[in-house]
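J.:
Residue numbers (our numbering), protein chains in the order written: chain A, 645 to 988; chain B, 645 to 988; chain C, 645 to 988; chain D, 645 to 988.
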């Protein structure tokens, strides 16, 4: 079986696993108050170029999104997201469970734009309407596209003009930062937003994400919020240990090598499928690609390949999602291509 | 000043006021457990043709919508509404405050359709997405249009097919039922939905709405829900007294006369404005009409007439909302028409 | 039948009703943005001696308590209340519905003390425990007792020392302020707390309470909070009209006369019952008294008198609650005493 | 440094770690829909003797408690817990964050009793009070005590009589089941309650708990609830893998050996401290013991030993908590005893 269904189908990258093994018998404080978490946080402060940012080691992406949003808003405030954005699309209403509306906008290439912010804003009038206060985006988006430096800057400016906080879900941030199309550095991203997270689960960790809060107001009593939102891990150091292993070496660290590798594997696949004349659902330069394939091919491909059907059938074709990760080998790519060529 | 801003700018219809005065010194049980509420409920059971439906005397429309929805849903379930629907548009996120998403759809003439339900349903996949469970509509809609018997029947069938509850906000239900374009009786409406409310505030009461629940499962411990959602009035009998006065005489009662009068006033206005060549924002047969007027005229009209600008300026014209009510006199209509003619 | 069950069994005091009748045909802005609400607010600013306090005309006591608390707290903060306090005891969890814990303490004579605050505070440790932030009390308490000036001052100082907001539920505030045992003025009360409400429903109004917020931070976007908590009345002016009628004349106004009358009626009753050797459940100087009567007497008294059994039977006796109000006549008191004497 | 602060200061038991290493490169479905989770669930169904119970692999104890409670209750329902119970005491209001009250009772030896349930029930009257619906206890309790078979049976019967669900937090369930004082089997426990969890974090796992739901009504759409409460782990198999390793061999499995070892270590410590004449805060037969030590001794002991001060100083003595775990060695116990003897 060839695995292209997700970037979280295997355990941890062997170097991350090794760090967990090495530290296993240590005794530390619980709940993330240990030296591993402290060092990992410092590494992140250095990487983002902001020694004053606050870093929290979080169990997963949903706890990041929900806790950050719940901590940022007053009860009558709302969120703006693309309809395909993770907070809206794939959290089972966990954000609304904290009492806040998400205004869902039809994104463009999976992205929000300043014009879409203005459009969402039109729903706001006065005390009869919730007050938009936070814009939630993903980098890369759920369909693999990325915000360019110019796009992110324009969005950030629109947010500041409208008194909106900007939050970036970075579940696959490594892939955005290391893809060839990218022109936005981590430091620049950090400066343009109020908070974001550096995803571990989908980039070599067993689990865990590093939430970076640059806006001190949001960080007030944030650990109380993490606990209240069910996200405080007893052996919190596990996340710190993993991020130490992932980020050792800074810009030359395993974290970026893993992401780069995943992008490269996807890039080879994309190139070969393009040569075969196969169209794509989105113009993704990162580790998720969405070829649109004939229905019979998709059905037959299922026998040997694990993948996700992304959208409903249209004109006898279906967009599927192929995801690469640290464990994807060049031979997996070639085997997949061989299988597709045979079925075309 | 001419008042066309809302149908709740005056107090109660004099007959309703008289009933409050007559009963003022009575001693009764609190919280709606009195004979006035009981009698009003029975009158409503008779009017709807369902002796088993449950009726609750509610303080206002928001408490109706929010309590009904919160009582109907499990935590992971969501609501489908038109983006212009009251639950989404004008409740300051009070529904989301109870932890539920509203999937906002672009309505057609302010209405939901079976196709829009199917479209909303596409957001649902599995445990990663909230489960749609209730469709919330208004009759008439916020832009004055009404669901025909065929439309309501189709919507109801789609809901049953999808295991969706159907709830109807009837803030101006009297105007829907009594307008010339209507072909849907109160009994038919009741049979097609799980719950609805008969609006009092906008049809002659000081305040108060009668919430009718036909689905017994929703009604379980409903009084606990009303209290928890801040909606249980100490002197609950006040609402019962008002509905007794409004509904005495059944289909010939004050409630329908008031609504009919408001419709007739709006109808005269609509006809005359149409003759003047003025276009409308919606094809409303009820007591709210939305003429699209030139911007300078709107500005000047403000000096003598109170009204609401409904949507942003477009091509130098603005849709305004003119609302008629029990207190609107034919002379008010003529004065308004004179004012508009003068400014055209 | 003699009515001593509650102070909300009748409609409005005739002078309040008259004000509603007089203003009934006026056209005004909705949602409390009218001149009646404005004037009533100014009257209250003057009465409290704080021209900068914010006044909101609220539909009822539960909306006051819940909206005020929800607007005051961050998600991880909690409330301290007596176990018999209204927010805890009789709101069906409406406060917890907004996501906050109430730490319920066994009050002393229905009251909280600085020591009880300290005791509640012991539940607080760190990010694993909610942070107490607001103390909720009633003046008078649910068992009719009142905080003396010294007690309220001590509580207020403890709150400020602990960074706790102090909120006073004044459903029967008139009776506290006008009872003989009272030594705390309205101005002093206002200065000692962050917010309180002046109850209308139980002191002559059809419905409505005036919520007074002295702490500007709590008042931020408060109207959004009222709407979100289902408490914004369309014809909001109704509450303003009633408070104008109640408060016209300031300290000599109907509001205080009504309260004084209720206290006087209760006082006569208390004196006569004491003479009969009947003990009381609480030492209440206000309009609720709690004689402890033999079970057979209570059962027989029910035939002619409406009242509430307050606590479970103990030693063959039951404490009952007798409540007086603006409509209670001296003849009612005499008839009740006659009935009790006959049964003793 | 000697570590007696918690049973989660180290990583995983080496055999659990080994299982994670062995399975690390496998590709599996995400979110707990894999064979490891399936097998672990089956092992638990067998252990509990209930092939129909539903098992969910959860990230931690707070997600277990909060998700189970939120899934069990209607909005107006409440929970009964000891004031020292984990749901009340150490979850930062995470339960109340889902909108439900916890009625906090002063437990006896950290335990609830049928009488305390009756007492809590007295707070319930009618639609003005939340309806108690779930009793939340821990086995062992937060102070190490355990419910005997007779006590648990009596509690369970009281719950069924009152239509209350019974939920057992089993963060340290292994220690309860394997301690010498215990007379309640896992199967019996399962039959007496509606849901419970088998704690992994504090008994050899890196993280993870197995939530067992015997009441099918609670299990309805439970995976939606887990996701909504932020508790669905992407690489959910990690928890399954660990429980497979822990439970392989059933009643002879590592899980019970670990717990037994921790109990034995605590037992030696308890015996020796008793011989030294040191009193205890609770009569705990499990892996947490609470000797009450002189303040100066506690201060000096801190230099070499890590532990938690449990309660405030009283009569110049402080109860401290000493916790043993799978990693506690007999030499650690002897070293601790030596340190204490030296300071006495």
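C-beta: ideal position from N, C-alpha, C; glycine also.
Would you mind giving the Cβ-Cβ distance between residue 754(A) and residue 787(A), rounded to the nearest angstrom? I have them listed as a contact below 8 Å.
T.: The sequence position of residue 754(A) within the first chain is 110, counting from 1. The sequence position of residue 787(A) within the first chain is 143, counting from 1. Contact flag correct, Cβ pair sits at about 4 Å.
J.: Measure how close the beta-carbons of residue 713(D) and residue 742(D) come, nearest whole angstrom, since I'm counting them as under 8 Å.
T.: Residue 713(D) sits at position 69 when you count from the first residue of the fourth chain. Residue 742(D) sits at position 98 when you count from the first residue of the fourth chain. That pair is a contact at about 7 Å.
J.: Can you tell me where the beta strand (DSSP E) with residue 737(B) in it begins and where it stops?
T.: Against the second chain, residue 737(B) aligns to sequence position 93. Counting along the chain, residue 737(B) falls outside any beta strand (DSSP E), and DSSP gives it neither H nor E.
J.: If we count the other Cβ atoms within 10 Å of its Cβ and call it buried at 16 or more, is residue 650(D) buried or exposed?
T.: For the purposes of this step, residue 650(D) is taken as the residue at position 6 of the fourth chain. Classification of residue 650(D): buried, given that the 10 Å Cβ count is 16 or more.
J.: Could I get the ranges of all uninterrupted alpha helix (DSSP H) runs contained in the region 821-881 of chain C, with 4 residues as the minimum, in chain order?
T.: 830-836, 860-863, 866-872
J.: Within its chain, find whatever has a CB closer than 8 Å to the CB of residue 800(B); leave out the 5 residues flanking it on each side and keep chain order.
T.: Residue numbering aside, residue 800(B) sits at position 156 when the second chain is read from its first letter. Correct list, in chain order: 810, 836, 837.
J.: Going along the region 837-864 of chain A in order, which residues come within less than 9 Å of chain B, judged by CB to CB distance?
T.: none
J.: Is any beta-carbon of chain D found at less than 9 Å from that of residue 949(A)?
T.: Along the first chain, read from residue 1 onward, the residue named residue 949(A) stands at position 305. Not closer than 9 Å to any Cβ of chain D, the Cβ of residue 949(A) fails to qualify, so no.
J.: Give me the Cα-Cα distance between residue 966(D) and residue 956(D), rounded to the nearest whole angstrom.
T.: Taking the fourth chain and counting its residues from 1, one reaches residue 966(D) at position 322. Taking the fourth chain and counting its residues from 1, one reaches residue 956(D) at position 312. Residue 966(D) and residue 956(D) have their C-alpha atoms roughly 16 Å apart.
J.: Scan the region 752-796 of chain C and note each continuous alpha helix (DSSP H) run of 4 residues or more that stays entirely inside, going in chain order.
T.: 758-765
J.: Per DSSP, what kind of secondary structure is residue 924(B) in: helix, strand or coil?
T.: Position 280 of the second chain, counting from 1, holds the residue named residue 924(B). Strand, per DSSP.
J.: Identify which residue in 940(A), 974(A), 928(A) has its Cα closest to the Cα of residue 958(A).
T.: Working through the first chain from its first residue, we reach residue 958(A) at position 314. Taking only the C-alpha atoms, the option nearest residue 958(A) is 940(A).
J.: Can you list, in chain order, the residues of the region 677-709 of chain C whose Cβ is nearer than 7 Å to any Cβ on chain B?
T.: For the region 677-709 of chain C, the residues whose beta carbon sits under 7 Å from a beta carbon of chain B are, in order, 703, 704, 706, 707.
J.: Comparing alpha-carbon positions, which option in 882(C), 812(C), 789(C), 778(C) lies nearest residue 805(C)?
T.: Within the third chain, the letter at position 161 stands for residue 805(C). Comparing Cα positions, the closest option is 778(C).
J.: Please state the DSSP three-state secondary structure of residue 952(B).
T.: Residue 952(B) sits at position 308 when you count from the first residue of the second chain. Residue 952(B) falls in the strand class under three-state DSSP.
J.: By the DSSP assignment, the alpha helix (DSSP H) with residue 617(A) in it spans what residues?
T.: Residue 617(A) lies beyond the stretch modelled for chain A, which goes from 645 to 988, so this question has no answer here.
J.: Is there a C-beta anywhere in chain D that falls below 9 Å from the one on residue 647(A)?
T.: Here residue 647(A) refers to the residue found at position 3 of the first chain. For residue 647(A), the nearest beta carbon of chain D is closer than 9 Å to its own beta carbon.
J.: Which of the residues in the region 760-783 of chain A, read from start to end, lie with their CB under 9 Å from any CB of chain C?
T.: 770, 771, 772, 773, 774, 775
J.: Evaluate residue 790(A) with the Cβ neighbour count: other Cβ atoms within 10 Å of its Cβ, from every protein chain shown; 16 or more gives buried, anything less gives exposed.
T.: The count along the first chain starts at 1 and reaches residue 790(A) at position 146. Result: buried.
J.: To the nearest angstrom, how far is it from the Cα of residue 759(C) to the Cα of residue 776(C)?
T.: Stepping through the third chain from its first residue, residue 759(C) is reached at position 115. Stepping through the third chain from its first residue, residue 776(C) is reached at position 132. Cα to Cα, the separation comes out at about 15 Å.
J.: Helix, strand or coil for residue 890(A) per DSSP?
T.: Working through the first chain from its first residue, we reach residue 890(A) at position 246. In the structure shown, residue 890(A) sits in a helix (DSSP, three-state: H, G or I).
J.: For residue 991(A) and residue 845(A), what's the separation of their Cα atoms in angstroms?
T.: What is shown of chain A runs 645 to 988, which leaves residue 991(A) out entirely.
J.: Taking the Cβ atom as the reference point for each residue, do residue 891(A) and residue 656(A) lie within a distance shorter than 9 Å?
T.: Taking the first chain and counting its residues from 1, one reaches residue 891(A) at position 247. Taking the first chain and counting its residues from 1, one reaches residue 656(A) at position 12. No, the pair does not count as a contact, with Cβ atoms beyond the cut-off.
J.: Taking Cβ positions, are residue 796(C) and residue 828(C) nearer each other than 9 Å?
T.: On the third chain, residue 796(C) is found 152 positions in, with the first residue counted as 1. On the third chain, residue 828(C) is found 184 positions in, with the first residue counted as 1. Yes; because the gap between Cβ atoms is below 9 Å, this pair is in contact.
J.: Let me make sure I understand the geometry here. Which of 904(C), 733(C), 689(C) has the alpha-carbon closest to that of residue 954(C)?
T.: Position 310 of the third chain holds residue 954(C). The candidate whose alpha carbon is nearest that of residue 954(C) is 733(C).
J.: Using the beta-carbon count (16 or more within 10 Å), is residue 962(A) buried or exposed?
T.: For the purposes of this step, residue 962(A) is taken as residue 318 along the first chain, with counting starting at 1. By the neighbour-count rule (16 or more Cβ atoms within 10 Å), residue 962(A) is buried.
J.: Within 9 Å of any Cβ in chain A, is that where the Cβ of residue 901(D) sits?
T.: Counting from one through the fourth chain, the residue named residue 901(D) turns up at place 257. For residue 901(D), not one C-beta of chain A is nearer than 9 Å to its own C-beta.
J.: Could one say the Cβ of residue 724(C) lies closer than 9 Å to chain A's Cβ atoms, at least one of them?
T.: Within the third chain, residue 724(C) is the residue found at index 80, counting from 1. False, the Cβ-Cβ gap to chain A never drops below 9 Å.
J.: Would you identify the three-state DSSP class for residue 965(C), choosing helix, strand or coil?
T.: In the third chain, residue 965(C) corresponds to position 321, counting from 1. Residue 965(C): strand per DSSP, three-state reduction.
J.: So, does the region 652-666 of chain D touch the region 860-870 of chain D, judging by three or more C-beta pairs under 8 Å?
T.: no
J.: Does the beta carbon of residue 652(B) sit closer than 9 Å to a beta carbon anywhere in chain A?
T.: Locating residue 652(B) in the second chain gives position 8, where the first residue counts as 1. Output row for residue 652(B): interface = no.
J.: My assumption, with CB atoms under 8 Å, is that residue 614(A) sits in contact with residue 839(A). Please give the rounded CB distance.
T.: Here chain A has residues from 645 to 988 only, and residue 614(A) is not among them.
J.: Could you tell me the alpha carbon to alpha carbon distance between residue 984(A) and residue 825(B), rounded to whole angstroms?
T.: In the first chain, residue 984(A) corresponds to position 340, counting from 1. In the second chain, residue 825(B) corresponds to position 181, counting from 1. So the two alpha carbons sit approximately 59 Å from each other.
J.: Whole angstroms are fine: how far does the CA of residue 696(B) sit from the CA of residue 971(C)?
T.: Taking the third chain and counting its residues from 1, one reaches residue 971(C) at position 327. Taking the second chain and counting its residues from 1, one reaches residue 696(B) at position 52. Cα to Cα, the separation comes out at about 37 Å.
J.: Can you confirm whether residue 957(B), when its beta carbon is compared against all beta carbons of chain C, has any partner nearer than 9 Å?
T.: Residue 957(B) sits at position 313 when you count from the first residue of the second chain. By this cut-off, residue 957(B) is not an interface position.
J.: If I'm right that residue 932(A) touches residue 987(A) with Cβ under 8 Å, what's the distance once you round it to whole angstroms?
T.: Mapped onto the first chain, residue 932(A) falls at position 288. Mapped onto the first chain, residue 987(A) falls at position 343. That belief does not hold up - the Cβ atoms of residue 932(A) and residue 987(A) are roughly 21 Å apart, past 8 Å.
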